[in-house]
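Numbering (the working numbering), first residue to last: 23 to 381.
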Amino acid sequence: MFSKLIRMCSRNIKSKENEKRELCPNCGTTKYFNFSMQEYRNNFKNTLEHHDICKYGRLFRCSKCYGYWFISDNNTIMEYVSENHIDTLRKWNKRNLIADKYIFEKLMSIGATPPDIYGNFKEFVRIPCKCVMNGGQEIDFCIVSFQKTPPNYHQLAEGNILFIDEIADVQESEYALSVKVRSKTSLAKEIRMCFSPTLVCAPDEKKFILNGITNFFDGYGYKGKDITLPEDDIQFSEKECIYYDKNTNRQITWVIADLIDRRTYKVTYDNVEYQAIVICFDYWDYALYDLGGVLILDVVHDGIATYKSTFILNDSETESFRYLGLYYITQLIKEIQKSGRICNERNIRERFKSDLLGI
Numbered sequence: 023m024f025s026k027l028i029r030m031c032s033r034n035i036k037s038k039e040n041e042k043r044e045l046c047p048n049c050g051t052t053k054y055f056n057f058s059m060q061e062y063r064n065n066f067k068n069t070l071e072h073h074d075i076c077k078y079g080r081l082f083r084c085s086k087c088y089g090y091w092f093i094s095d096n097n098t099i100m101e102y103v104s105e106n107h108i109d110t111l112r113k114w115n116k117r118n119l120i121a122d123k124y125i126f127e128k129l130m131s132i133g134a135t136p137p138d139i140y141g142n143f144k145e146f147v148r149i150p151c152k153c154v155m156n157g158g159q160e161i162d163f164c165i166v167s168f169q170k171t172p173p174n175y176h177q178l179a180e181g182n183i184l185f186i187d188e189i190a191d192v193q194e195s196e197y198a199l200s201v202k203v204r205s206k207t208s209l210a211k212e213i214r215m216c217f218s219p220t221l222v223c224a225p226d227e228k229k230f231i232l233n234g235i236t237n238f239f240d241g242y243g244y245k246g247k248d249i250t251l252p253e254d255d256i257q258f259s260e261k262e263c264i265y266y267d268k269n270t271n272r273q274i275t276w277v278i279a280d281l282i283d284r285r286t287y288k289v290t291y292d293n294v295e296y297q298a299i300v301i302c303f304d305y306w307d308y309a310l311y312d313l314g315g316v317l318i319l320d321v322v323h324d325g326i327a328t329y330k331s332t333f334i335l336n337d338s339e340t341e342s343f344r345y346l347g348l349y350y351i352t353q354l355i356k357e358i359q360k361s362g363r364i365c366n367e368r369n370i371r372e373r374f375k376s377d378l379l380g381i
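Have a look at this one:
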């Protein structure tokens, strides 16, 4: 498992900092892993030495270059930690980053941005918002990220890092796209290298193309709150639209919070074993059983079961749900909190189609 992780992670290390440092073929901290180095892959256990225990994982060091690696408890996430960022990891490790109930429920009311259809970022719950710090300073263009890893390479490279215990309040950002637009961008297919387009509209019917998952919009005289999806799923020409480059947007501030627990275990349904996903926050437990097209959802609040539903998904819904289930649960609980009523199967299916599939 570790050798596979080393290969996967090593290919993704492309920072300028890493280009300047002396590359270490021993632990694979190169831009690309040399697949001809079979002896290194076979001796991966001798490559990394255990250095320390972290929450949700362990910290290792390369026996040659002394570079740091964070490996999650379930061995599915492996991140190289540079010398410049080891202090950030240690701060993350020492702090209790559980969002209080007030902030958590406000974030759920805003709604999380789902992972893309290829499963990228499915380990995180990410919500764009405006934050008010403990000292009263307001910071827009924030993304609160519930996660079980320290701030990762992408977060460190893309913007500033704060922790949830530094935040007194969260508010909706007028620059954040609606949850419906954000979810639509997550469903965009890559039609050519690094290009996954979503067509959106401004109030004056001016058309823009968003590329990949997009959380904020600030340009051409418009803000995220102004941007909507076209009424019909129309065909469009790129020449007729304005390409919106989210990378020229203002710098993102990442606010890191603990995802209390997320685990999988096997359940039996009609004498067949399936994987169940359990997501636990401080106040709510969500249990999602994807039983090969049969969905069972349990919601527990303060130890009391508040919701349960079983219904059948068709093939297209099952494929989408596989990637969007975590986001979908946060949206469902938002409606339960607002209405105080049990949602029936019809309501759930309509919400699923509207919020996630955009139809």
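Each residue gets a CB set at the ideal place from its N, CA and C atoms; glycine is no exception. Computed from a prediction, not measured in an experiment: that's the story for all the values here.
Taking only the alpha-carbon atoms, compute the straight-line gap between residue 147 and residue 134 and give it to the nearest angstrom. 6 Å
Cβ neighbour criterion (16 or more within 10 Å) applied to residue 72: exposed
contact_flag[the segment 206-214, the segment 172-184] where n(CB pairs < 8 Å) is 3 or more: no
Measuring straight from C-alpha to C-alpha, what distance separates residue 254 and residue 221? 11 Å
Does the segment 128-145 touch the segment 72-82, meaning 3 or more C-beta pairs lie closer than 8 Å? no
Whose C-beta lies closer than 8 Å to the C-beta of residue 110 among residues of the same chain, with five residues either side of it excluded? 172, 173, 178 and 183
In chain order, what residues of the same chain lie with their CB nearer than 6 Å to the CB of residue 99, ignoring the 5 residues before and after it? 171
Sorted by chain position, which residues of the same chain lie with C-beta nearer than 6 Å to residue 101's C-beta, five sequence neighbours on each side aside? 92 and 174
Coarse secondary structure for residue 191, derived from DSSP in three states: strand
Roughly how many angstroms separate the alpha carbons of residue 122 and residue 130, rounded to a whole number? 12 Å
Where does the unbroken alpha helix (DSSP H) through residue 169 begin, and where does it stop? No alpha helix (DSSP H) holds residue 169; the beta strand (DSSP E) holding it covers 160-169.
The alpha helix (DSSP H) with residue 110 in it runs from where to where? 108-116
Over the uninterrupted beta strand (DSSP E) stretch that includes residue 178, give me the two end residues. Counting along the chain, residue 178 falls outside any beta strand (DSSP E), though it belongs to the alpha helix (DSSP H) covering 175-180.
Would you tell me roughly how many angstroms separate the C-alpha atoms of residue 103 and residue 273, rounded to the nearest one? 22 Å
Residue 251 versus residue 85: straight-line alpha-carbon distance, rounded: 52 Å
Along the chain, where does the beta strand (DSSP E) containing residue 82 start, and where does it finish? 79-84
Quick one: is the Cβ of residue 216 within less than 7 Å of any heavy atom of the ligand NAP? Looking at this structure, you won't find the ligand NAP or any other ligand, since it has none at all.
Taking only three categories from DSSP, how would you classify residue 245? strand
Contact check, residue 228 vs residue 264, beta carbons under 8 Å: yes
Does residue 88 come out as helix, strand or coil in the three-state DSSP assignment? coil
Neighbourhood of residue 113 by C-beta, 8 Å cutoff - its chain only, sequence neighbours within 5 removed: 185
Less than 7 Å between C-beta atoms, sequence neighbours within five positions excluded: which residues of the same chain meet that for residue 248? 224 and 225
Label residue 107 either buried or exposed according to how many other C-beta atoms from any shown protein chain fall within 10 Å of its C-beta, with 16 as the threshold for buried. buried
Can you grab the Cα-Cα spacing for the pair residue 199 / residue 239, in whole Å? 7 Å
Extent of the continuous beta strand (DSSP E) to which residue 230 belongs: 229-233
Between residue 132 and residue 151, which are expected to be in contact by the criterion C-beta below 8 Å, what is the C-beta distance as a whole number of angstroms? 6 Å
Could you tell me if residue 267 is buried or exposed, where buried requires 16 or more neighbouring beta carbons within 10 angstroms of its beta carbon? exposed
Given this structure, state the Cα-to-Cα distance separating residue 127 from residue 241, to the nearest angstrom. 30 Å
Among 89, 90, 236 and 82, which has the Cα closest to the Cα of residue 217? 236
Can residue 231 and residue 260 be called in contact, C-beta distance under 8 Å? yes
Whole-angstrom distance between residue 155 and residue 191, CA atom to CA atom: 7 Å
By how many angstroms is the C-alpha of residue 164 removed from the C-alpha of residue 390? The shown model of the chain, from 23 to 381, leaves out residue 390, and the question about it has no answer.
Relative to the C-alpha of residue 212, which candidate in 201, 234, 176 and 167 has its C-alpha closest? 234
Thinking residue 276 and residue 167 are a contact (beta carbons under 8 Å), I'd like their distance in whole angstroms, please. 6 Å
Inter-residue spacing [alpha-carbon to alpha-carbon] between residue 162 and residue 244: 16 Å
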